[in-house]
Amino acid sequence: MGPVIPVYEISQELNFLIAFIIGIGFGFALEQAGFSSSRKLAGMFYGYDTTVLKVFFTAAIVAMIGLVFLNYFEMIDMGIVYVNEYYINSAIIGGVIMGVGFIVGGFCPGTSVCAAAIGKIDAMAYLGGSLIGIFLFGETYSWWEKVYNINYLGGIKLSTALGISDGLMVFLVIAAAVLMFWVGEWAEKKFKRPDISKEL
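Quick note on numbering: the sequence shown equals residues 8 to 207 in my numbering.
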């Protein structure tokens, strides 16, 4: 829950309960958005279904705007909000591996858990493969440590790296989202797949 605990002095037990409820809500939202379907997820890469793009871009924008306004009204301290540490080489290598896994398996780590929770066998296999991969990486970390730590930039924000304010960064992301939504709508029309159910 990040800065909620120190700001409002919430107990660790209540924090875990809140996190659990949010996790269930997040999983429910993913399932309702259709993210338990590998076809819908893979459709993002083939252009015929850009729901993934729209949902996650919308979620990112809502979160960004919320954080900016909560910080402005001093309801949250952005100084103690954790920012993931950035390793350039690791981000590129990990992105390629996850991208290939996403296309081949049809799931990302989060959506595989969502689909496995409703009993989908392919998602369970994907999740199992992910856990095996995590285990093997942990066991062989000493082999990859040097590559992993190359080009470390720390917990840096994109707005800081570009030398602009957080507010301007939010505006640019919103503008990018509007453009991507338009591209997504165009792609869905361009690469629309025939409705097989009508032919049956």
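We put the beta carbon where it would ideally sit given N, CA and C, even for glycine.
No experiment lies behind these values; they were computed from the predicted model shown.
Residue i and residue j closer than 7 Å at C-beta
i, j, result
"I125", "S45", "no"
"V88", "D173", "no"
"Y93", "I163", "yes"
"F198", "G54", "yes"
"F64", "A184", "yes"
"S137", "P116", "yes"
"I171", "I68", "no"
Assigned exposure category for residue i - 16 Cβ within 10 Å defines buried
i, result
"S149", "exposed"
"L48", "buried"
"Y133", "buried"
"K205", "Here the model assigns K205 a pLDDT of 49, short of 50, so the residue's position is not dependable, and the following value carries that caveat. Under this definition K205 is an exposed residue."
"D56", "buried"
"A26", "exposed"
"V111", "exposed"
"I83", "buried"
"V154", "exposed"
Rounded Cβ spacing between residue i and residue j (contact assumed at less than 8 Å)
i, j, result
"F114", "A122", "6 Å"
"M51", "V59", "4 Å"
"M71", "V177", "5 Å"
"N158", "I95", "4 Å"
Closest Cα partner of residue i within the set the options
i, options, result
"G140", "Q39, I104, K196", "I104"
"A40", "I28, T118, E20, I83", "T118"
"V120", "E152, G101, R200, A36", "A36"
Any chain D beta carbon closer than 7 Å to residue i
i, result
"I157", "In the structure shown, chain D does not exist; there is a single protein chain."
Would you mind listing the beta strand (DSSP E) stretches within the region 162-199 that are 3+ residues and don't spill past its ends, in chain order? none
Restricting to runs no shorter than 4 residues, where is the alpha helix (DSSP H) found entirely within the region 9-91? 11-15, 19-39, 45-53, 58-79
Starting from the N-terminal side, write out each stretch of the alpha helix (DSSP H) that is 4 residues or longer and does not extend beyond the region 93-162. 95-112, 116-124, 128-146, 148-156
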